[in-house]
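J.:
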Amino acid sequence: MVKTKGYPLEEHFVTTSDGYVLGTYRIPHGREGASPGPTPRRPVLLQHGLLDSSATWVLNDPDQSLALILADAGWDVWLGNSRGNAYSRNHTGLGPDTAAFWDFSFDDMAAADLPALTAHVQGVTGCATLAYVGHSQGTTVALAALSTQGALRAALRPVVLLAPAVSLRHIQSIPMLTLARLQADQFFAMLGVFEFMPSREATAALFEELCQATPTACVSVLTAVCGFSDRNVNASRLSHYVTYAPSGTSTRNVAHWAQAVRAAQAAPRGTLALTMYDWGGSCVSPLGRPQTCNRRVYGREQPPTYDLARLEGVPLAVVWGGEDKLADPLDVRRLLYVLPQASLKLAVGVPTFEHLDFVWGNMGDTAKDRVYPLVLRMLLEWAE
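Residue numbers for the sequence shown follow the working numbering, beginning at -9 and rising by one.
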């Protein structure tokens, strides 16, 4: 898909500290005749959202896909894939047919995936720092990692957060609200299900057929999940998009998101707390057997909270959508209040944007016109 558009593409495999092998792609430069950009070319890492993949950054035409726009502007573009998605289903000692392979949440992506990706880019390029652009879960992983790892705070500069999904008090996604109310963590464990949307081929075929046969039904599904409008995304291209998304994750990761919804809605109004996975307070199962619990994992009754105040000194940009059903504007404003104000270099809301418009938006108020110039500006001003 990238090469057919006239761009070079390299495939890299990045092994994390806990053995996951992450499929990672590099677009080292743009098309022939594109802008030479900064010299030497500075690296930028793009990280996708929940149930998505690196493909999301290159699905549109070259002048409407962020990864290709950045490559043509002279950047060394790296596309990450989170553990467990279609491009990261390998491990040094576990197979994707085992429960142990799927025993992860976005905590592990923050603790192991992002540090490994960052170190790999540094090693290949020889650059001490790289820019970072995350969408949705890609913003959550970055904030969690930056709050706990000083080395990443020195390495990722700047950090651009598109549609940040952190505080979920006002989330309107029907499936996510349903999973939260069903106590998804307990529900999946009871069923013995570990992989969420397991077959990309089967899921893609189903969605592709749905979108081709009944586009209105396809739009309805996307609207229920994360909000969707054909005002900014060409609905006739949905069958193309759903060939690559959803891209799979673990049920424990989905359960962690469900926990985040419950925690946000139970918290005092006006507060924001991004917490680690809640293993529960009981260390003994109903059958009297030892089981994982917060005390065993964290040494305390409640899961720790990621301290976002520790991002002091990291140049940050936040861009959100006024119509976003997942990253609601009210929740984003709470995030802006919590982040260190001296670090916040750019904060812009796009009134007409929904969650997927940041990566797929290609008509009306396009991402190319409303968002990507902001990303380029932030990178040019703050990349080191």
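C-beta: ideal position from N, C-alpha, C; glycine also.
#1: By the 10 Å Cβ neighbour count, where 16 or more other Cβ atoms means buried, how is ALA357 classified, buried or exposed?
#2: Around the Cβ of THR88, are there at least 16 other Cβ atoms within 10 angstroms (buried) or fewer (exposed)?
#3: Whose CA, out of ALA109, ARG73, ALA317, GLN249, lies closest to the CA of GLN292?
#4: As an exercise, report each continuous beta strand (DSSP E) stretch of at least 3 residues that is fully enclosed by the stretch 3 to 52, in chain order.
#5: Can you give me the Cβ contacts of SER78 inside the same chain, cut-off strictly under 6 angstroms, excluding the 5 residues immediately before and after it?
#6: Pick from GLY140, GLY312, SER7, ALA153: whose alpha carbon is nearest that of ALA299?
#7: So who's on the other strand from ASP220, going by DSSP bridges?
#8: Take GLY74 as the anchor and find which of TRP372, GLN127, GLY238 has the nearest alpha-carbon.
#9: Which first and last residues belong to the beta strand (DSSP E) in which HIS110 is found?
#10: Can you list, in chain order, the residues of its chain with a C-beta nearer than 6 angstroms to that of VAL436? Leave out the 5 residues immediately preceding and following it.
#11: Under 6 angstroms Cβ to Cβ from GLU0, same chain only, skipping five residues before and after it: list those, please.
#12: Tell me whether the beta-carbon of LEU262 lies closer than 8 angstroms to the beta-carbon of LEU325.
#13: Less than 8 angstroms between the CB atoms is what I'm expecting for ALA257 and ALA155, so what's the real figure, rounded?
#14: Would you call MET368 buried or exposed, if buried means 16 or more other Cβ atoms sit within 10 Å of its Cβ?
#15: Spell out whether any CB of chain C is found under 8 angstroms from the CB atom of ALA373.
#16: Straight-line CA distance for ARG227 to THR119?
#17: Three-state secondary structure (DSSP) at ASP321?
#18: Compute the distance between the beta-carbons of PHE186 and SER240, then report whether it is under 8 angstroms.
#19: Using the beta-carbon count (16 or more within 10 Å), is GLU371 buried or exposed?
#20: So, for ASN224: in the same chain, excluding its five sequence neighbours on each side, which residues have a beta-carbon less than 7 angstroms away from its beta-carbon?
#21: Give the straight-line distance between the Cα atoms of LEU136 and ALA235, rounded to the nearest whole angstrom.
T.: The answer reads as follows:
#1: Counting from 1 along the sequence shown, the entry for residue 357 is found at position 367. Looking at its Cβ environment, which holds 16 or more other Cβ atoms inside 10 Å, ALA357 is buried.
#2: Within the sequence shown, the letter at position 98 stands for residue 88. It is exposed - the Cβ of THR88 has fewer than 16 other Cβ atoms within 10 Å.
#3: As a first step, residue 292 is located in the sequence shown; it is residue number 302 there, counting from the start. Comparing Cα positions, the closest option is GLN249.
#4: 10 to 17, 33 to 37
#5: The residue labelled residue 78 in the question sits at position 88 within the sequence shown. Cβ neighbours of SER78 beyond the five flanking positions: LEU12, GLY13, ASN71.
#6: Sequence index remark: in the sequence shown, residue 299 carries index 309 (1-based). Closest option to ALA299, Cα to Cα, is GLY140.
#7: On the sequence shown, position 230 is the one that residue 220 refers to. Paired residues: none, contrary to the question.
#8: For the purposes of this step, residue 74 is taken as the residue at position 84 of the sequence shown. Closest option to GLY74, Cα to Cα, is GLY238.
#9: Reading the sequence shown from its first residue, position 120 is the one you call residue 110. It is not in any beta strand (DSSP E) - HIS110 instead sits in the alpha helix (DSSP H) that spans 104 to 115.
#10: With the chain covering only -9 through 374, there is no way to say anything about residue 436.
#11: Counted from its first residue, the sequence shown places residue 0 at position 10. Taken in chain order, the residues that qualify are ARG16.
#12: Counting from one through the sequence shown, the residue named residue 262 turns up at place 272. Counting from one through the sequence shown, the residue named residue 325 turns up at place 335. Taking 8 angstroms as the Cβ cut-off, LEU262 and LEU325 qualify as a contacting pair.
#13: Here the question's residue 257 lines up with position 267 in the sequence shown. Here the question's residue 155 lines up with position 165 in the sequence shown. Between ALA155 and ALA257 the Cβ distance is about 16 angstroms, and since that is not below 8 angstroms, they are no contact.
#14: On the sequence shown, position 378 is the one that residue 368 refers to. Label assigned to MET368: buried.
#15: No chain C appears in this structure, which consists of one protein chain only.
#16: Within the sequence shown, residue 227 is the residue found at index 237, counting from 1. Within the sequence shown, residue 119 is the residue found at index 129, counting from 1. Cα to Cα, ARG227 sits roughly 36 angstroms from THR119.
#17: As a first step, residue 321 must be located in the sequence shown, where it is residue number 331. Helix.
#18: Position 196 of the sequence shown, counted from the start, is the residue given in the question as residue 186. Position 250 of the sequence shown, counted from the start, is the residue given in the question as residue 240. Yes, Cβ-Cβ distance for PHE186 and SER240 is below 8 angstroms.
#19: Numbered from its first residue, the sequence shown carries residue 371 at position 381. Classification for GLU371: exposed.
#20: Numbered from its first residue, the sequence shown carries residue 224 at position 234. The residues are ASN352, MET353.
#21: Counting from 1 along the sequence shown, the entry for residue 136 is found at position 146. Counting from 1 along the sequence shown, the entry for residue 235 is found at position 245. Looking at the two C-alpha atoms, the distance is approximately 27 angstroms.
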